[in-house]
Amino acid sequence: MVIGICGKIASGKSEVLKIFGRYGFFCIDADKIVHDLYKPGGLGAVRVAAYFGKRFLKKNGEVDRIKLRNAVFSNENKLKLLQDIIHPTVYNEISLLLQRHKDEDVAIESVFFDKDFLGDFVDQLIWVERDEKEILKVLKEERGFDDALARKAIDLVQKPEKGDIFELKNCGGLDLLEAYVVLMQ
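Position in the sequence shown counted from 1, then plus 1085, gives you the numbering used here.
Below, the structure is given as structure tokens:
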């Protein structure tokens, strides 16, 4: 079985992925794949420099994720371009991991799943829901977002409207979140 875990930024997707890992699922974190691509000399770093300019790289050649985040969250065209140059590689990496772990239960965390990006891999989709006030608090206090950028980041991802979606409410701490995950299995 392949579970897809999605939701808005700072909704608790990573915590849900960790819980599935504790219950024997092989875990794939799309964000971690992107971070690896952004390392010095990585394909993501090369593409970001080619399409956005070397000003989006740190001195060591790694992508400056904060600078890139600020640029793409405030411009839909830049966000689309970034997705166009990064998502195919992420898709391929996840496809290879799924082939290697085809006999295991797998959980994939990604911002979104649709018919063009990862949606065809999953048997069950989980939407992690969290109160927007809590998300804003995390983005501003822990991740350094200003109010305008935080709101744009929150609005980027919407809950899928179609398909077999299980909504998981992240509203009562990690113990309650884990209890919900256990009940799902």
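Ideal Cβ positions, reconstructed from N, Cα and C, are used throughout, including at glycine.
By the C-beta criterion, the region 1159-1179 is judged not to be in contact with the region 1087-1100, since fewer than 3 inter-stretch pairs fall below 8 angstroms. Counting C-beta atoms within 10 angstroms of its own C-beta, Arg1185 has fewer than 16 neighbours from the protein chains shown and is therefore classed as exposed.
The alpha carbon of Ile1118 has as its nearest neighbour, out of Ser1195, Asn1160, Lys1103, Lys1139, the alpha carbon of Ser1195. Bounds of the alpha helix (DSSP H) holding Asp1121 are 1115-1122. Taking C-alpha positions only, Leu1102 is separated from Lys1163 by approximately 29 angstroms. The continuous stretches of alpha helix (DSSP H) do not include Glu1214, which lies in the beta strand (DSSP E) extending over residues 1209-1214.
Fewer than three pairs of CB atoms, one per stretch, sit closer than 8 angstroms, so the region 1225-1236 makes no contact with the region 1244-1256. Distance between Asp1249 and Asn1145, taken at the CA atoms: about 44 angstroms. Rounded to whole angstroms, the gap between the alpha carbons of Gly1138 and His1172 is 19 angstroms.
With a beta-carbon spacing of about 23 angstroms, Asn1155 and Arg1215 fall beyond the 8 angstroms limit used to define contacts. The criterion of a C-beta distance shorter than 8 angstroms is not satisfied by Leu1153 and Val1131. In the DSSP assignment, no residue is bridged to Glu1263. In the DSSP secondary-structure assignment, Leu1203 is bridged to Asp1199. Sequence-distant Cβ neighbours of Gly1204 in its own chain, meaning closer than 7 angstroms and more than five residues away, are Phe1198. When the alpha-carbon of Glu1189 is set against those of Tyr1108, Ile1094, Gly1092, the nearest one is in Tyr1108.
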